[in-house]
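Heads up: the sequence shown begins at 0 in numbering that gives the first Met the number 0, then just goes up one per residue. Idealized CB from N, CA, C, for every residue including glycine. Encoded as structure tokens, the structure appears first; notes follow it.
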Amino acid sequence: MRPAAPLPLSFYARTPEVVARELLGKRLFRRTPSGLLCGTIVEAEAYLADGDPACHASRGKSRKNATMFGPAGRAYVYVIHARHCLNVVTEREGAPSAVLIRAVEPLRGVAQMQRNRQTDVLRDLARGPARLCEAMVINRLLDGWDLTLGRSLWIAEGDNVAPLPTIAVSHRIGVTSAHDLKLRYYLAGNTFVSGTQKLNGKPS
């Protein structure tokens, strides 16, 4: 598999709901000193700039969430319980919205991901945002990284050989507010999706 060209800025400069849905089937690339890692995005969650108390920017700008207020197409990496999570910034500058990448299906560099995660269980390598970041060596050093450069960390088109499986929609996982917002999107039936696929999920 050859590294593919990064998605353009125009892909990210849209509402997080649209970006989250269209990220499914795209490929996440991470170039490390040990080699190139890649996985297909199978699950993503949208976080809104307005009316979404679960969004990190809902209480205003801070040092930790400043990337969310910047240009679209940047990586927003935050830490929770000493684990990292990867988001992509969406919309226009000053509108702090983002999409959390919750899970990928490993495609390339699987052996390296297994070493990074210290497990041989393929299904568990990048199923969940913290596992994903550990498997693909994504940390706060990449916060603010320009995903359109095509270096170190970027997202590219999928193989486009076969049509995507059904996209399902559900409530987000692990949030303590805004439970009524159905902003989690995933590929129905994919075994690399995190959590349960019966959590209010429905085809869309």
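Uninterrupted alpha helix (DSSP H) stretches inside the segment 100-148 (no shorter than 4 residues): 109-116, 128-134
For V88, which three-state DSSP category applies? The residue you call residue 88 lines up with position 89 of the sequence shown. Reduced to three states, the DSSP call for V88 is strand.
Using only the alpha-carbon positions, how far apart do A45 and R26 sit? On the sequence shown, position 46 is the one that residue 45 refers to. On the sequence shown, position 27 is the one that residue 26 refers to. Roughly 18 Å between the two C-alpha positions.
Buried or exposed for S96, going by 16 or more other Cβ atoms inside 10 Å? As a working note, residue 96 is residue 97 in the sequence shown. S96 comes out buried.
Does P70 come out as helix, strand or coil in the three-state DSSP assignment? The count along the sequence shown starts at 1 and reaches residue 70 at position 71. Note: P70 maps to coil in three-state DSSP.
Whether V88 touches G72 by CB criterion (8 Å): If you number the sequence shown from 1, residue 88 lands on position 89. If you number the sequence shown from 1, residue 72 lands on position 73. Contact: yes.
Neighbourhood of R205 by C-beta, 7 Å cutoff - its chain only, sequence neighbours within 5 removed: Outside the shown range of the chain (0 to 203) lies residue 205, about which nothing can therefore be said.
Using 8 Å as the Cβ pair cut-off and three pairs as the minimum, do the segment 145-153 and the segment 5-15 touch? yes
Could you pull out every residue in the same chain whose Cβ sits closer than 7 Å to the Cβ of A43, ignoring the five residues on either side in sequence? For the purposes of this step, residue 43 is taken as residue 44 along the sequence shown, with counting starting at 1. Around A43: A19, L22, L23, V98, L99, I100, R101, Y184.
If you drop the 5 nearest sequence neighbours on each side, which residues of the same chain put their C-beta closer than 6 Å to that of L141? As a first step, residue 141 is located in the sequence shown; it is residue number 142 there, counting from the start. So the list reads A74, V76, L152, once near-sequence residues are dropped.
Rounded to a whole number of angstroms, what is the C-alpha to C-alpha distance between G173 and N189? Translated into the one-based positions of the sequence shown, residue 173 becomes position 174. Translated into the one-based positions of the sequence shown, residue 189 becomes position 190. Cα to Cα, the separation comes out at about 20 Å.
With three or more beta-carbon pairs closer than 8 Å as the criterion, would you say the segment 124-142 touches the segment 53-60? no
Spatial distance of R107 from N86 (CA atoms): Position 108 of the sequence shown, counting from 1, holds the residue named residue 107. Position 87 of the sequence shown, counting from 1, holds the residue named residue 86. So the two alpha carbons sit approximately 21 Å from each other.
By DSSP's criteria, G34 is part of a beta bridge. Which residues make up the other side? Translated into the one-based positions of the sequence shown, residue 34 becomes position 35. Partner(s): T31.
Run through DSSP, which three-state label would V192 get? In the sequence shown, counting from the first residue as 1, residue 192 sits at position 193. Coil, per DSSP.
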